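Okay, structure first, notes after.
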Amino acid sequence: MRLVFVAGWMRSGTTLLTELVGSSPGALAVGELATMWTALEREDHCSCGQPLRSCPVWGVVATEVADRHDIGPGCSTSYLDFDAVVRGVLRLRRLPGLRRLRRTDPDSFPADVRRLSEVMRTVLRTVTEVSGCSVIVDSSKRPTALVVFALIPGVELTPVHLVRDPRAVAFSESRRWQWEGVKAHLSPPGRGVLLSALHWVLTTVACHLVGSRFPGYRLLRFERLTALPEETMTAVSNGLGLIPPPFVAADAVQLAPSHVVNGNPSRFGSRLRKIKADERWRTQLPVTERLAVGVLTAPVRLALKLMAR
């Protein structure tokens, strides 16, 4: 099973990149698999338009997970109970311990890690079989999720680490956006700018330290993706051994049908997607907040500017 793992912090364009890579022939964008369980509990809609449990992909996945792992409605473990297990495993403080684990020695895994890896193996295998796609594109983002997926037997994982200017991220996180026709709980949560900057630094550094150990790791700036979409995606696709997604103009792409289970509400938008930068933070983020975030994140931003492509 081949998995392209999109790593990074929230509000960084990971859903967009996931759908772009997933629009290559033979690839499928699935969104944030690691945290799909609350979406199944609420029976949210898949990006294909169907309720998850009625979706031709996720309906089969839900049945397999229930049969093999006793998780779901009427099972010994509810989706919300399993989601609590997942979130416990994915806490950043678990990262050092997770990195010491080896796929060849599953008996050494803590019980919660072993269970999560087994369940996610079933999820990935089922998605691959049902969709007929050989490449699954996941946007679980977190470095801990990256490590857990790499522990799954039979998974060939390639990380693509997407980084956006932390001032733009802080501006986006400080506001709770609402998309027309999208339920309020699907909108990303808000966060203060200083806390956003701290999370950005910790997650960005951790994703790079973990991801750079994998063959084919790529560090990509969101600003480059939005400035030169077609050129950037051609380079990314070539690096992954995929055919680039079908651009109809230098800044517009025809996205393939996807089955994104969780992620930014933009996944419900038009499949003809115009890609452009959102620069509102430059004028709408207060100067004091912009300077504070800039100072806190400056060392990491400088390092990334030197490394990113």
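Just add 35 to wherever you are in the sequence shown, counting from 1, and you've got the numbering used here.
Note that CB positions come from ideal geometry on N, CA and C, so glycine has one too.
Computed from a prediction, not measured in an experiment: that's the story for all the values here.
Straight-line Cα distance separating Cys83 from Leu63 | Counted from its first residue, the sequence shown places residue 63 at position 28. Counted from its first residue, the sequence shown places residue 83 at position 48. CA-CA distance, Leu63 to Cys83, rounds to 12 Å.
Glu67, buried or exposed, once every other Cβ within 10 Å from all chains shown has been counted against 16 | As a first step, residue 67 must be located in the sequence shown, where it is residue number 32. So Glu67 counts as buried.
Could you pull the start and end residues of the alpha helix (DSSP H) that Glu191 belongs to?
-> Within the sequence shown, residue 191 is the residue found at index 156, counting from 1. That residue, Glu191, is in no alpha helix (DSSP H); its beta strand (DSSP E) goes 191–198.
Going by alpha carbons, who is nearest to Asp140 out of Ser152, Ile310, Val95?
-> Residue numbering aside, residue 140 sits at position 105 when the sequence shown is read from its first letter. Of Ser152, Ile310, Val95, the smallest CA-CA separation from Asp140 is found for Ser152.
Between the C-alpha atoms of Ser166 and Glu324, what's the straight-line distance to the nearest angstrom?
-> Position 131 of the sequence shown, counted from the start, is the residue given in the question as residue 166. Position 289 of the sequence shown, counted from the start, is the residue given in the question as residue 324. Each residue's Cα considered, the two are about 45 Å apart.
So, Thr53 versus Ser174, is the Cβ gap smaller than 8 Å?
-> Numbered from its first residue, the sequence shown carries residue 53 at position 18. Numbered from its first residue, the sequence shown carries residue 174 at position 139. Yes, the Cβ-Cβ distance between Thr53 and Ser174 is below 8 Å.
Tell me whether Leu339 is buried or exposed, calling it buried when 16 or more other Cβ atoms sit within 10 Å of its Cβ.
-> What you label residue 339 is simply residue 304 of the sequence shown in a count that begins at 1. Burial check for Leu339: the Cβ neighbour count within 10 Å reaches 16 or more, so the residue is buried.
So what's Asp118 in DSSP terms, helix, strand or just coil?
-> Position 83 of the sequence shown, counted from the start, is the residue given in the question as residue 118. Secondary structure at Asp118: helix, using DSSP grouped into helix, strand and coil.
Figure out for me which residue from Pro280, Val154, Thr239, Val190 has the closest Cα to the Cα of Ile106.
-> For the purposes of this step, residue 106 is identified with residue 71 of the sequence shown, where counting begins at 1. Nearest option by C-alpha distance: Val154.
Inter-stretch contact at 8 Å, needing at least 3 Cβ pairs: the stretch 196–206 / the stretch 36–48 | As far as the Cβ criterion goes, the stretch 196–206 touches the stretch 36–48, which means the pair count is three or higher.
Expressed to the nearest angstrom, what Euclidean distance is found between the alpha-carbon atoms of Arg256 and Val283?
-> Translated into the one-based positions of the sequence shown, residue 256 becomes position 221. Translated into the one-based positions of the sequence shown, residue 283 becomes position 248. For Arg256 and Val283, the distance between alpha carbons rounds to 22 Å.
Can we say the stretch 177–188 touches the stretch 245–256, given the rule of at least three CB pairs closer than 8 Å?
-> Taking a cut-off of 8 Å on C-beta distances, the stretch 177–188 touches the stretch 245–256, as three or more cross pairs fall below it.
Glu76: which of Thr267, Asp116, Lys311, Val271 sits nearest, CA to CA?
-> By 1-based counting over the sequence shown, the position of residue 76 is 41. It is Asp116 whose Cα lies nearest to the Cα of Glu76.
Are the C-beta of Asp286 and some C-beta of chain C separated by less than 8 Å?
-> Looking for chain C here will not work: only one protein chain is present.
Contact belief for Val172 with Gly57 at Cβ below 8 Å, rounded distance in angstroms | Counted from its first residue, the sequence shown places residue 172 at position 137. Counted from its first residue, the sequence shown places residue 57 at position 22. So it is a contact: roughly 4 Å between Cβ atoms.
Nearest-angstrom Cβ-Cβ length linking Leu159 and Val148, presumed shorter than 8 Å | As a first step, residue 159 must be located in the sequence shown, where it is residue number 124. As a first step, residue 148 must be located in the sequence shown, where it is residue number 113. In fact, because the Cβ distance is near 16 Å, the residues do not count as touching under 8 Å.
Burial state of Arg345 (16 or more Cβ within 10 Å) | Not covered by the structure: residue 345. The range shown for the chain is 36 to 344.
Out of curiosity, what's the CA-to-CA distance linking Cys81 and Glu99?
-> Walking along the sequence shown from the start, residue 81 turns up at place 46. Walking along the sequence shown from the start, residue 99 turns up at place 64. C-alpha separation (whole angstroms): 18 Å.
Could you tell me which residues DSSP puts in a beta bridge with Asp102?
-> What you label residue 102 is simply residue 67 of the sequence shown in a count that begins at 1. Paired residue(s): none; Asp102 is not in a bridge.
Cutoff 6 Å; reference Ala287; Cβ partners in own chain excluding five residues on either side | Looking up residue 287 in the sequence shown gives position 252. If we look at Ala287 and ignore the five residues flanking it on each side, its Cβ neighbours are Lys309.
Alpha-carbon to alpha-carbon, Ala262 and Val335 | Position 300 of the sequence shown, counting from 1, holds the residue named residue 335. Position 227 of the sequence shown, counting from 1, holds the residue named residue 262. For Val335 and Ala262, the distance between alpha carbons rounds to 21 Å.
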